[in-house]
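Please read the structure below before turning to the comments.
In the working numbering, the protein residues as written are -12 to 154.
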């Protein structure tokens, strides 16, 4: 993590808002990024969390890929990336984008994943970031942990169905 980090943590301002239900894999991903930003003591906790869900060798690959992706995002973010604190029950928009990024890659929707990466980071580092994303998704696949696929996918250009008026 650099001195002029492009990733910032912020507390939740609304205390009564309902927290989204995250599955175990989504929590693992979000907490990994949140704890990466906090430093060594929290990163050790992220390692323990990953080892509870994954085998030790898989957890190491997972953590190295999350660390690599976080460094790429930190160095090349288009804007300040907002993450919540590790104890927060709320999820930021950028954290939701990260979950969607991994879900899209895991389900082979790389166009969707590239669009999310374009939202987060500058275009020059997409290949490096995507390599880390693919590493994480391979580990999740080996552990039989699945994320939800992206909900909407636009049809390819020129394949729109014609509209017909019905009387």
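Think of the CB as a built atom: it goes at the ideal place given N, C-alpha and C, for glycine as much as any other residue. Nothing here was measured: the structure is a model prediction, and the numbers come from that model.
Considering only residues of the same chain and omitting the five flanking positions on each side of residue i, which have a CB-CB separation below 6 Å?
{"i": "residue -12", "result": "Note that residue -12 has pLDDT 46, beneath the 50 cutoff, so the model's placement of it is unreliable and the number below is only indicative. Cβ neighbours of residue -12 beyond the five flanking positions: none."}
{"i": "residue 38", "result": "46"}
Ignore the nearest five residues each way along the sequence and tell me which others in residue i's own chain have a CB closer than 7 Å to its CB.
{"i": "residue 2", "result": "Here the model assigns residue 2 a pLDDT of 48, short of 50, so the residue's position is not dependable and the matter cannot be decided."}
{"i": "residue -7", "result": "61, 64, 67, 68"}
{"i": "residue 24", "result": "-12, -6, -4, 70"}
{"i": "residue 89", "result": "16, 120, 123, 124, 134"}
Rounded to a whole number of angstroms, what is the C-alpha to C-alpha distance between residue i and residue j?
{"i": "residue 70", "j": "residue 132", "result": "23 Å"}
{"i": "residue 9", "j": "residue 15", "result": "9 Å"}
{"i": "residue 135", "j": "residue 85", "result": "12 Å"}
{"i": "residue 49", "j": "residue 138", "result": "25 Å"}
{"i": "residue 47", "j": "residue 41", "result": "9 Å"}
Cα-Cα, which of the options is closest to residue i?
{"i": "residue 64", "options": "42, 83, 109", "result": "109"}
{"i": "residue 51", "options": "33, 39, 67", "result": "33"}
{"i": "residue 26", "options": "91, 89, 73", "result": "73"}
Rounded C-beta distance between residue i and residue j? I'm assuming under 8 Å.
{"i": "residue 126", "j": "residue 45", "result": "5 Å"}
{"i": "residue 107", "j": "residue 117", "result": "At roughly 12 Å, the Cβ-Cβ gap does not stay under 8 Å, so residue 107 and residue 117 are not in contact."}
Pair every Cβ in the stretch 18 to 36 with every Cβ in the stretch 50 to 68, then say whether three or more of these pairs are closer than 8 Å. yes
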